[in-house]
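According to our numbering, the stretch in the sequence shown is residues 100 to 392, in order.
In this text, a Cβ means the ideal position worked out from N, Cα and C, and glycines have one as well.
Structure first, then comments.
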Amino acid sequence: MSKVKIMTDSASDVSVEQAEKYGIALVNFWIIVGERSLRENVEYSTKEFYKLMDESEDMPHTSQIRVEDYVGEYEKQFDDGVTDLINVVIASIGSNSYNNAVAAKDEFFKKHPEADGKMNITVMDSKGYTGVYGLPVMEAAKKIQKGAEADEIIAFLNDWFDSGIIVCTAFTLKYARKSGRVGCVSAFVGEMLGLKPIIKFTDAVSETVAKVRGEKAVIPQLVDYAVSQMVPGTVYSVLDGSRPELTEEVIKLMKKKTGYGPAEIHEVGATIACHLGHQVSGIIVKCPNRNVK
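Here you go:
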């Protein structure tokens, strides 16, 4: 009898609680703060990381998940009787973790030849960040709980990876300025003019689709843009940073526009926070499949 399991990394912003609820194996990223290497979700909580960001002189940054980290996780799943392991990894263009996950697969079978033919490992490039793969991973995990087989899950995930986008905004550009994601001059000018960017991430590539003057106007425009892009009636999720009142506004407006609430809420973790800060709001939506002509 098959036993299908889905695995993902903490950059998906699948929380520890969500992973436990849906039976997802969660591999945690390493975060570098000054001279310290910390394990996400292990040595600090998300809220503690926000505080660490605000207090640290050095801008924290993420470090790839190592080959040995993945080998250890593969061994755990084999010992647990998993027959089909689907490992969904942060976009390969943004991290070497995907290559390490693939290398770890080879290393695992070299160390454990007895696993050959007993456990299949599929490593999938999510082509995205945060909830743009965290949401479909959770939706796939729900399908597994209902008895879906590996082939169905892989097809479902591939469709999402070719369809999902992130639409988000940052309410301060100081973190983006520090990380180099926004040029110092443009970030400074934007803040001086009171402009907030609406940013779209497609296949891990960011694009500023609008610049909105003032905080009160940005959330309604963010929601309008997200709804204009999504396939009607499909599930969506919301990115939650350190300003819960903004998350509440996003959910309220999305419910008004679509008639239903988010499938999940993602507390923004270190991967996004290191680049855009923790004062962010965003929406994950499913668009028409980009590979379907």
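Would you mind working out which of the options sits nearest residue i, comparing C-alpha positions?
| i | options | result |
| --- | --- | --- |
| V337 | K354, E306, A240, R138 | K354 |
| L151 | F255, G376, I192 | G376 |
| I131 | S380, A369, R389, N390 | A369 |
| Y197 | V222, K210, F177 | V222 |
| G360 | E314, E139, I383, D183 | I383 |
| F300 | G230, V187, S155, L352 | G230 |
| V187 | E139, E347, D215, V236 | V236 |
| S194 | E363, P212, R165, A214 | R165 |
| S305 | V326, T333, F207, I371 | I371 |
| E363 | P387, K351, N388, Y335 | Y335 |
| L125 | E134, N140, R135 | N140 |
| F128 | S136, G122, I297 | S136 |
What does residue i pair with, by DSSP beta-bridge criteria?
| i | result |
| --- | --- |
| S125 | Contrary to the premise, residue 125 reads as Leu rather than Ser in this sequence. Answer by DSSP bridge pairing, in chain order: T107. |
| A309 | I297 |
| A269 | V379 |
| E366 | D339 |
| G263 | K385 |
| I253 | Answer is none; I253 lacks a bridge partner. |
For residue i, which residues of its own chain have a beta-carbon under 8 Å away from its beta-carbon, when the five flanking residues on both sides are left out?
| i | result |
| --- | --- |
| R342 | F270, Q378, S380 |
| S144 | none |
| I345 | Rather than Ile, the amino acid found at residue 345 in this sequence is Leu. The residues are F270, I318, S380. |
| Y228 | A110, I189, A190, G193, I265, F300, A303, T370, I371 |
With a threshold of 16 other CB atoms inside 10 Å of the CB of residue i, please say whether the residue is buried or exposed.
| i | result |
| --- | --- |
| C283 | Unreliable placement is indicated for C283, whose pLDDT of 38 sits below 50; no coordinate value is reported for it. |
| E116 | exposed |
| G340 | buried |
| V330 | exposed |
| D250 | exposed |
| A42 | There is simply no residue 42 to check, as the chain begins at 100 and stops at 392 in what is shown. |
| K104 | buried |
| E167 | exposed |
| E248 | exposed |
Between which residues of its own chain and residue i is the CB-CB distance below 6 Å, once the five residues before and five after are set aside?
| i | result |
| --- | --- |
| K102 | G180, V181, T182 |
| E156 | none |
| F177 | A214, M218 |
Where do the ends of the beta strand (DSSP E) carrying residue i lie?
| i | result |
| --- | --- |
| V231 | First-last for V231: 230-244, but that is the alpha helix (DSSP H), not the beta strand (DSSP E). |
| M223 | 219-224 |
| S136 | 135-138 |
Taking only beta-carbon atoms, is residue i less than 7 Å away from chain B?
| i | result |
| --- | --- |
| I264 | Absent from the structure is chain B; it holds one protein chain and no more. |
Where do the N-terminal and C-terminal ends of the alpha helix (DSSP H) with residue i fall, by residue?
| i | result |
| --- | --- |
| S327 | 314-328 |
| T145 | 145-154 |
| S196 | 196-210 |
What residues in its chain sit with their C-beta under 7 Å from that of residue i, if we drop five residues either side in the sequence?
| i | result |
| --- | --- |
| N390 | D261 |
| D112 | T229, G230, G233, H365, E366, V367, G368 |
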